[in-house]
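*Asks:*
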Amino acid sequence: MDFSKQFEQIKGSVVNICVLNSPKEKKVISSGSGVVIGDGTKIITCSHCIKPNLLNIARFSGEDNARECKITFNDPIKDIAILEVDKSLGKGVRMGDSSAVKIGQEAFVVGFPLNIKKITALSANIAGFEPVDGFELIRIDSSINHGNSGGPLFNSEGELVGIVNAKHGGLSYILTEVQQAKSKEMEVIGGTNLVKFIQILIKQMQRNLNLGIGYAIPINTVVNSLKSSNLLIKRKL
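One point on numbering: in the UniProt record's numbering, the residue at position 233 of the sequence shown is 233, and numbering is uninterrupted.
#1: Nearest by alpha-carbon distance to residue 217: which of 96, 53, 64 is it?
#2: From the DSSP output, read off the bridge partner residues of residue 137.
#3: Restricting to Cα atoms, I'd like to know which of 151, 122, 221, 8 is closest to residue 1.
#4: At a cut of 8 Å, does the stretch 55-63 reach the stretch 13-22 through at least three beta carbon pairs?
#5: So, are the CB atoms of residue 36 and residue 15 less than 9 Å apart?
#6: Among the residues of its own chain, which have a CB less than 6 Å from the CB of residue 112, if the five just before and after it don't count?
#7: Taking C-beta to C-beta, are residue 31 and residue 79 nearer than 9 Å?
#8: Helix, strand or coil: which one does DSSP assign to residue 50?
#9: Below 9 Å between beta carbons: does that hold for residue 219 and residue 160?
#10: For residue 34, does the three-state DSSP call read helix, strand or coil?
#11: Return the Cβ separation of residue 245 and residue 124 in integer angstroms, given the expectation that the two are a contact with Cβ distance under 8 Å.
#12: Can you tell me whether DSSP reads residue 162 as helix, strand or coil?
#13: What three-state label does DSSP hand residue 7 in the structure shown?
#14: If contact is defined by three or more beta carbon pairs under 8 Å, each pair taking one atom from either stretch, is the stretch 63-72 in contact with the stretch 84-102?
#15: Helix, strand or coil, according to DSSP, for residue 89 in the structure here?
#16: Is residue 198 closer than 9 Å to residue 93 when the C-beta atoms are compared?
#17: Under three-state DSSP, which class holds residue 263?
#18: Helix, strand or coil for residue 12 per DSSP?
#19: Could you tell me whether any Cβ in chain C is nearer than 9 Å to the Cβ of residue 196?
#20: Can you tell me which residues form a DSSP beta bridge with residue 123?
#21: Alpha carbon to alpha carbon, what distance is there between residue 130 and residue 49?
#22: Mind checking residue 227: buried by the 16 CB within 10 Å criterion, or exposed?
#23: In the DSSP assignment, the beta strand (DSSP E) including residue 74 goes from what residue to what residue?
#24: Quick check: residue 150 and residue 132, are their CB atoms within less than 9 Å of each other?
Structural data, given as structure tokens:
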């Protein structure tokens, strides 16, 4: 699918969400994605992309200038968060209807994977649905990676229909056992704790594991979660 026109319409509404260790040192300790909605002062992202007790910022593609964000809604169970900035970041995206999403439809994902500071767009296909507590995740066939979390899933019309929150993948039971081993009890060879070293490698492998399948929270689930708060968002903008 050629989604170049749709991308041009939404590229200014997708931001890189970063968590900094402190306002003074400003070291990035985690990076994800988010999408601007409404009047441009609110951002949808994933709960696991933010840290309530640290500094959360939003920045545009290729820019070092960042805007400090305030957390106005956070649901760790559904993995949904709403951030707010003091001044508009620009035009919010158009909201779609995730109940109309069907298996086989074309879509696209936008975000900041693998700590890349420039915006990245990926084609996607709706591959299925995954039942979870109280709703179904949208299963998508796309190259989802660490950093795509919190980013938007758009339908072929450029409407927001989901928020990317996970990629499919796992480790074999042998690697899992090594990962969970207590490194302090293992032998140190040549000054190096081999188990600890291997655990670091496994962690990097898991972060970059790419099986071409990811998941997204339906935008209708996001909207319904906000109905109990004062953060109601319009479906069409």
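All C-beta atoms, glycine included, are put in the ideal place defined by N, C-alpha and C.
*Replies:* With the structure as the only source:
#1: Sorting 96, 53, 64 by C-alpha distance to the C-alpha of residue 217 places 96 at the top.
#2: 130
#3: Ranked by how close their Cα comes to the Cα of residue 1, the residues 151, 122, 221, 8 have 122 in first place.
#4: yes
#5: Yes, the pair counts as a contact, with Cβ atoms nearer than the cut-off.
#6: 16, 33, 147
#7: no
#8: coil
#9: Their beta carbons are under 9 Å apart, which means residue 219 touches residue 160 by this criterion.
#10: Correct three-state label for residue 34: strand.
#11: Absent from the structure is residue 245, since the part of the chain shown begins at 1 and ends at 237.
#12: strand
#13: helix
#14: yes
#15: coil
#16: no
#17: Because the chain in this structure spans residues 1 to 237, residue 263 falls outside the shown range and cannot be described.
#18: helix
#19: The structure shown has no chain C; it contains just one protein chain.
#20: Paired residues: 108.
#21: 21 Å
#22: exposed
#23: 70-75
#24: no
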